[in-house]
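Residue numbers (the numbering used here), protein chains in the order written: chain P, 1086 to 1212; chain W, 1086 to 1212. Notes to accompany the following structure.
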DNA sequence: GCGAAATATGCAAATTCATGCATGTACTTG
DNA sequence: CAAGTACATGCATGAATTTGCATATTTCGC
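Okay, structure coming up:
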């Protein structure tokens, strides 16, 4: 019977109401991702990605963890996670069953590098 | 495996990313509502309400039906409806089991008027 | 400590959005 | 057809968003 807090909800919803941010969130809900990863995924300059990440961070829906030079972000807000599941459908985007992120050629973070060198031929270093 | 259309989804999500619009959508998913109703509900001037309604209308998520002088709008997009159920929780906001809208004192549309005169004392006409 | 890699921050221009208000239109009733 | 009611539309202005870019910061390998 209590009215929802439309202001608060709208503010949270707004986080998804942006194509690139939605893309980031989609990637992030699957598994922690470093910025270079998202950069490769979105095909946008790093400062651009960092800024969108910051918007999400400052909204309190993200958590970060540093691993050497890379900073891995992941979604920490259950509410938003639930919404994303409905808007985007169940998690698919580049995540495997273990919750690790899918290696991307354009990304050179440790996770991607080792994964790539183990799986496919290391064409990465050639380019 | 196919990537979601982030642009399209973001655009649709944006419809909810606004307090007043979210409020309108909440009311609208329960039952058809006329503008005067929403006006009373939001406590905002009529042109303001009409404009928000138009945004939703032009996005194709609303349907309208005229009854005499009043125009009743209702949500016609199942996708958005599903999202609203998750964001706002199950329908509650002023709808009864029959899907009629709850009469509001400030509203003078036929539905409200008759409902009011039958139920509580018609204090409405006094003010 | 130095340079390189990964990420963050600040700023500015362009665009979009929000909102108030005056006025226009459509239907109804007498 | 005249007047009233319900709703729509146009416009103006200020605020917020978007996006690009230059530059700062942090950490690692040497």
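Yeah, the Cβ is synthetic: ideal placement off N, Cα and C, and Gly gets one too.
**Message:** Quick check: what's the CA-CA separation for residue 1121 of chain W versus residue 1135 of chain W?
**Reply:** Taking the straight line joining both Cα atoms gives about 9 Å.
**Request:** Would you mind reading off the limits of the beta strand (DSSP E) that contains residue 1160 of chain P?
**Result:** Where residue 1160 of chain P is concerned, the enclosing beta strand (DSSP E) stretches over 1155-1160.
**Prompt:** In chain P, what lies closer than 8 Å to residue 1167 of chain W by C-beta?
**Reply:** Close partners of residue 1167 of chain W in chain P (Cβ separation under 8 Å): 1171.
**Message:** So the candidates are W/1167, W/1192, W/1159 and W/1127; which of them puts its Cα closest to the Cα of residue 1118 of chain W?
**Reply:** Out of W/1167, W/1192, W/1159 and W/1127, W/1159 has the C-alpha closest to the C-alpha of residue 1118 of chain W.
**Near-chain P residues of the region 1089-1105 of chain W - C-beta to any C-beta below 7 Å** = Along the region 1089-1105 of chain W, going in chain order, the ones with a CB nearer than 7 Å to a CB of chain P are 1089, 1091, 1092, 1094, 1095, 1098, 1099, 1101, 1102, 1103 and 1104.
**Request:** Just the chain P side, please: which residues come within less than 7 Å of residue 1108 of chain W by C-beta, in chain order?
**Result:** Going along chain P in sequence order, the residues near residue 1108 of chain W (Cβ under 7 Å) are 1091.
**Asked** Quick check: the region 1148-1156 of chain P against the region 1138-1158 of chain W, are there 3 or more CB pairs under 8 Å?
**Response** Contact between the region 1148-1156 of chain P and the region 1138-1158 of chain W is not established, with fewer than three Cβ pairs separated by less than 8 Å.
**Message:** For the pair the region 1091-1111 of chain W and the region 1089-1098 of chain P, tell me if three or more CB-CB distances fall below 8 Å.
**Reply:** Result yes; three or more Cβ-Cβ pairs closer than 8 Å.
**Request:** Answer yes or no: does any C-beta atom of chain W fall closer than 8 Å to that of residue 1162 of chain P?
**Result:** Cβ-Cβ to chain W under 8 Å: no for residue 1162 of chain P.
**residue 1245 of chain W to residue 1100 of chain W span [Cα, whole Å]** = With chain W running from 1086 to 1212 in the structure shown, residue 1245 of chain W is simply not present.
**Continuous alpha helix (DSSP H) stretch holding residue 1106 of chain W: start and end** = Per DSSP, residue 1106 of chain W is one residue of the alpha helix (DSSP H) stretching across 1104-1115.
**Item:** Proximal residues to residue 1144 of chain W (C-beta, below 6 Å), its chain only, five neighbours per side dropped
**Value:** Result list for residue 1144 of chain W: 1100, in chain order.
**Cα-Cα separation between residue 1139 of chain P and residue 1170 of chain W, rounded to whole angstroms** = Those two C-alpha atoms are separated by around 29 Å.
**Message:** Please state the DSSP three-state secondary structure of residue 1147 of chain W.
**Reply:** It is a strand residue.
**Request:** Could you check what DSSP says for residue 1119 of chain P in three-state terms: helix, strand or coil?
**Result:** Judged by DSSP in its simplified three-state form, residue 1119 of chain P adopts strand.
**Prompt:** Can you give the Cα-Cα distance for residue 1102 of chain W and residue 1107 of chain P, rounded to whole angstroms?
**Reply:** Rounded to the nearest angstrom, the two C-alpha atoms are 13 Å apart.
**Message:** Considering only their Cβ atoms, is the gap separating residue 1116 of chain P from residue 1104 of chain W smaller than 8 Å?
**Reply:** Taking 8 Å as the cut-off, the Cβ atoms of residue 1104 of chain W and residue 1116 of chain P do not count as close.
**Request:** Can you have a look at residue 1157 of chain W and say buried or exposed, based on whether 16 or more other CB atoms are within 10 angstroms of its CB?
**Result:** With 16 or more Cβ atoms within 10 Å of its Cβ, residue 1157 of chain W is classed as buried.
**Prompt:** How would you call residue 1137 of chain W, buried or exposed, if buried means at least 16 neighbouring beta carbons within 10 angstroms?
**Reply:** Counting the other CB atoms within 10 Å of its CB gives residue 1137 of chain W a total of 16 or more, which places it among the buried residues.
**Asked** Can you name the start and end residues of the alpha helix (DSSP H) that residue 1170 of chain P belongs to?
**Response** Here the alpha helix (DSSP H) through residue 1170 of chain P covers 1163-1173.
**Same chain, Cβ closer than 8 Å to residue 1165 of chain P, five either side skipped, listed in chain order** = 1097, 1100, 1101, 1110 and 1146.
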